[in-house]
DNA sequence: TGATTACCCTACCAAGAACATAGACTAATA
DNA sequence: TATTAGTCTATGTTCTTGGTAGGGTAATCA
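Chains as they are written, first to last, in the numbering used here: chain A, 1 to 136; chain B, 137 to 272.
See below:
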């Protein structure tokens, strides 16, 4: 399962994609529209900014906005950033790989099955961008 | 990601499938062969027994063994039992469904994408059984 | 200058994950 | 009948997640 944090991140980004090139959007507006606890959202947006997905402006007329075109931000990237591995096991993760101590990967049946699951998932989330999440 | 507990459960069941119809297998044997902390494994096997996947025999010559043919136990069933939902979001889960408060499912873009991911995953784990995990 | 807003702390709480430890109970067998 | 091999049960620790609450600083605009 995705953490609440990731779910909120995707929802917020979907909203910011919808409001793309309409100037900075208030945290409070996103919080209300997407029903996300404000203080929690604050931290999430900051993380997305530090990762280069969002930019922000302080002061009156300030807020958050997408750093690039929504079509350039893949869903997979967001999930990996906020949630971590997409794979079901560390030993089949591309970006968060960790060796299994209790099996040798060459002939681990579980390993092979989980690679299939991973690829099936990646096939979807690597192709989708924030455009596919755009929503009021 | 699958929890350690689920990973261990699948490994243990793979071993018990391999030893199918060879009498009760010691927890300690599974623990050694599959490198699973013994006491942790005890709890996992007990859970699998209570769910009807395993049976056990106490006392000398005792141990755990599969309650049914390994081909009858789906990987999906084990994951749902030990790990919980297979879907990435509660609002797209078949067995652990929970409504989203912050979107209406009819037109939630995230919802639709996650249904796709779920189906791609189910397409694999619903078709595989303990036979596919059989291993020494 | 003053209001607005992002940014950045600290502290707290409750629940679950991933173990580890200790011991109680049960059944076969020598 | 006593021993031993084995399951079963309960508790405790440490870490992460998902929050709540509050305060303070810095940038920006009118």
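Ideal Cβ positions, reconstructed from N, Cα and C, are used throughout, including at glycine.
Three or more Cβ pairs closer than 8 angstroms define a contact, and the region 181-195 of chain B meets that threshold against the region 207-223 of chain B. A residue is called buried once 16 or more other Cβ atoms fall within 10 Å of its Cβ, and residue 7(A) is buried on that count. For the region 2-13 of chain A, residues whose beta-carbon sits nearer than 8 angstroms to a beta-carbon of chain B comprise 2, 7, 10 and 11. Within its own chain, the residues whose Cβ lies closer than 7 angstroms to the Cβ of residue 262(B), once the five positions on either side in sequence are excluded, are 210 and 212, listed in chain order. Taking the CA atoms as reference points, residue 31(A) sits about 15 angstroms from residue 48(A). Under the Cβ distance rule, residue 196(B) does not count among the residues neighbouring chain A, no pair being separated by less than 9 angstroms.
Contact of residue 252(B) with chain A is assigned, a C-beta pair being separated by under 9 angstroms. Taking residue 228(B) as reference, the option from 219(B), 141(B) and 244(B) with the minimal CA-CA separation is 244(B). Note on geometry: alpha-carbon atoms of residue 11(A) and residue 69(A) lie some 17 angstroms from one another.
With a contact defined as Cβ atoms closer than 8 angstroms, residue 160(B) and residue 200(B) qualify at about 6 angstroms. Neighbours of residue 221(B) across chain A, judged by C-beta separation under 7 angstroms: 1.
Within the region 256-267 of chain B, those residues whose Cβ lies closer than 8 angstroms to any Cβ of chain A are, in chain order, 256, 257, 259, 260, 261 and 264.
For residue 57(A), there is no enclosing alpha helix (DSSP H); the enclosing beta strand (DSSP E) has its first and last residue at 54-57. By the neighbour-count criterion, in which a residue is buried when 16 or more other Cβ atoms sit within 10 angstroms of its Cβ, residue 66(A) is buried.
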